[in-house]
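Trainee: One structure is given below, represented as structure tokens, and several questions about it will come after.
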Amino acid sequence: MISVKSVTLEVAAKCNLKCEMCPTGQGRIERKTALMPLELIDKILRENPGLERINLNNWGEPLLHLQFEDILVRINRALPDCKIYFATNATLLKKSMIDLLLKYSIYEIQISIDGTDEVYTQLRGCDYALVRRNVLNFLERKKKVGNEVRTVIKAVVNGRTESKIDRLDEWNGRVDEVRVQPEIMFDSPSTRKTECPELFNNHLVILTDGRATPCCADYNGGLYIGQAYEQTLEEMWNGPEIQKYRMLHEGSRYPEVCMKCSEYRTDKCKERFL
């Protein structure tokens, strides 16, 4: 039985922004707005001592979880060598939140910024100057306390941001990496010609209600492969449901969810799923 080394825990299925390119912001998510219970996180940590990586966000803002510090405490205690990742829109990176985060062992924090100024504000409905100030304060405090958490500016490339992406060069030298990725488009006919790597990358996504999917782009859990309250990660990764999806992909007979998944074509970055 193959062990799962990496997992995404969707600790918050809600967000405080309404970004145009996000299913949460567009109101496309049919699941209930929810926070992941600590009991489910405890179960997953207890059953998977070999986890090497935990991502704490999926289609929501993780810092909205009222017990986010408790989640960090639990992971650091149970799996001290496990790398914690998460992305944030940085609107909640006030001084108290910055001090909280820098108390714990976190491997990488990804900050979602697309373009600058008016483009960012139009896409995300938030003042870019506020976010920029929060990030600069975070970087200053991080340096002062000597915390080595990797800090990444992560940008989505689409028709509105493509010509503005180069403006993110202002972050080079300030953060560890500026990372760009194509927008996932969920209603465009897929150009898929081969199986999706998400089905074979030894990584599972656990939604707030415990349902599992193998794909981070599967925002409504349509590729259901099991329930984390009832099964282990290994059981789901090696189980009949995911094997069914793998066989479909290997035979070029893709599920409906996969046939509606495509990515913005650009020379700024490579596609991730096709």
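Numbering (our numbering), first residue to last: -4 to 269. Backbone N, C-alpha and C fix where the C-beta goes; we use that ideal spot for every residue, glycine too. Here the structure is a predicted model, which means the values were calculated and not measured.
Can you find the residues in the same chain that come closer than 7 Å, C-beta to C-beta, to E245, ignoring five residues on each side of it along the sequence?
Mentor: For the purposes of this step, residue 245 is identified with residue 250 of the sequence shown, where counting begins at 1. E190.
Trainee: How is K149 classed by DSSP in three states: helix, strand or coil?
Mentor: Residue numbering aside, residue 149 sits at position 154 when the sequence shown is read from its first letter. It is a strand residue.
Trainee: If distances are taken between C-alpha atoms only, which option among L58, G217, C14, Y249 comes closest to Y80?
Mentor: Mapped onto the sequence shown, residue 80 falls at position 85. If you compare the alpha carbons of L58, G217, C14, Y249 with that of Y80, the shortest gap goes to L58.
Trainee: Tell me the DSSP secondary structure of F81 in three-state form.
Mentor: Position 86 of the sequence shown, counted from the start, is the residue given in the question as residue 81. Residue state, collapsed to three classes: strand.
Trainee: For I49, count the other beta carbons within 10 Å of its own beta carbon; 16 or more makes it buried, fewer makes it exposed. Which is it?
Mentor: Residue numbering aside, residue 49 sits at position 54 when the sequence shown is read from its first letter. Counting Cβ neighbours within 10 Å, I49 comes out buried, since at least 16 surround it.
Trainee: With three or more beta-carbon pairs closer than 8 Å as the criterion, would you say the stretch 215 to 226 touches the stretch 177 to 186?
Mentor: Three or more Cβ pairs closer than 8 Å define a contact, and the stretch 215 to 226 falls short of that threshold against the stretch 177 to 186.
Trainee: For K13, tell me which candidate among V140, T227, D122 has the shortest Cα-Cα distance.
Mentor: One-based indexing of the sequence shown puts residue 13 at position 18. Nearest C-alpha to K13: D122.
Trainee: Using a 10 Å radius around the Cβ and a threshold of 16 neighbouring Cβ atoms, would you call L4 buried or exposed?
Mentor: On the sequence shown, residue 4 is found 9 positions in, with the first residue counted as 1. L4 should be labelled buried.
Trainee: Determine, using beta-carbon pairs with one atom in the stretch 19 to 31 and one in the stretch 220 to 231, whether at least three such pairs fall under 8 Å.
Mentor: no
Trainee: Does the distance from the C-beta atom of L163 to that of A150 stay below 8 Å?
Mentor: What you label residue 163 is simply residue 168 of the sequence shown in a count that begins at 1. What you label residue 150 is simply residue 155 of the sequence shown in a count that begins at 1. With contacts defined as CB atoms closer than 8 Å, L163 and A150 qualify as a contacting pair.
Trainee: Buried or exposed for M31, going by 16 or more other Cβ atoms inside 10 Å?
Mentor: Indexing the sequence shown from 1 puts residue 31 at position 36. Classification of M31: buried, given that the 10 Å Cβ count is 16 or more.
Trainee: Decide yes or no for the touch test of the stretch 190 to 200 against the stretch 139 to 149: beta carbon pairs closer than 8 Å, at least 3 of them.
Mentor: Cβ pair count under 8 Å is below three, so no.
Trainee: Using 8 Å as the threshold, is the C-beta distance between E251 and E258 below it?
Mentor: To locate residue 251, count along the sequence shown from 1; it is residue 256. To locate residue 258, count along the sequence shown from 1; it is residue 263. No, the Cβ-Cβ distance between E251 and E258 is not below 8 Å.
Trainee: Is it buried or exposed for P209, if we count other Cβ within 10 angstroms and need 16 for buried?
Mentor: Position 214 of the sequence shown, counted from the first residue, corresponds to residue 209. With 16 or more other Cβ atoms within 10 Å, it is buried.
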